[in-house]
Amino acid sequence: MLCSPSYASDKFRVTEVHDGDTVSIRISSFIGIPFKNERVRLIGIDAPELKQEPWGRLSKKYLKKLLSENDWVVRVEFDVDKRDQYNRLLAYFWAKDGSMINEKMLSNGYAVLYTLPPNVKYVNRLKKAQKQAQQGKKGIWGKSGLNITPEQWRQSHPRH
């Protein structure tokens, strides 16, 4: 199912946080078709896997905090590709104060930059956010941070 143009500017309720970069949102029903949940992968970030303790759990917890501060409602913005190879929607999440949640995950050290062209609309902004976290030694960039990236971890644990 491709998204209609209005779909991209609407606000959606987050119904579940799967990890630090993937959630489910509730999609409004069309006439006669009930609500449904869609998985969404946040563009531009790669959070530690849940089994990458403690950072997988902490990343998920921080994303939950950001979402709860917004009453679990976000504005969703898509880039060029709307879905990934797993059929998840790909999106930027915007908080009610106008800040980008993807960016906050990076700037506070709960994810690493993950660019996958053609979805690079905010790549410079996201690079700057990661650099800020690295310089401030925040989260995964701190003394007891990650020793391998989430992507490296997945490669060494193919059936996690």
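Under the working numbering, think of the first position of the sequence shown as 966, with each following residue one higher. Positions of the beta carbon are idealized from the N, C-alpha and C atoms, including for glycine.
Y1051 - DSSP class collapsed to helix/strand/coil
coil
Going straight from the alpha carbon of P970 to that of K1029, what length do you get?
In this prediction, P970 has a pLDDT of 36, which is less than 50 and means its spatial position is unreliable; nothing more can be read from the coordinates.
Same chain only: Cβ atoms within 6 angstroms of G1074, ignoring 5 sequence neighbours per side
A1098, K1103, G1104, I1105, W1106
C-alpha distance - W1059 paired with R1124, whole-angstrom precision:
32 angstroms
Assigned secondary structure, W1059 (DSSP; H/G/I helix, E/B strand, else coil)
strand
Can you list, in chain order, the residues of its chain whose CB lies under 8 angstroms from that of E981, leaving out five sequence neighbours each side?
V988, S989, N1002
Run the CB neighbour count on K920, radius 10 Å, all protein chains shown included, and call it buried at 16 or more, exposed below.
This structure cannot settle anything about residue 920, because the visible part of the chain is limited to 966 through 1125.
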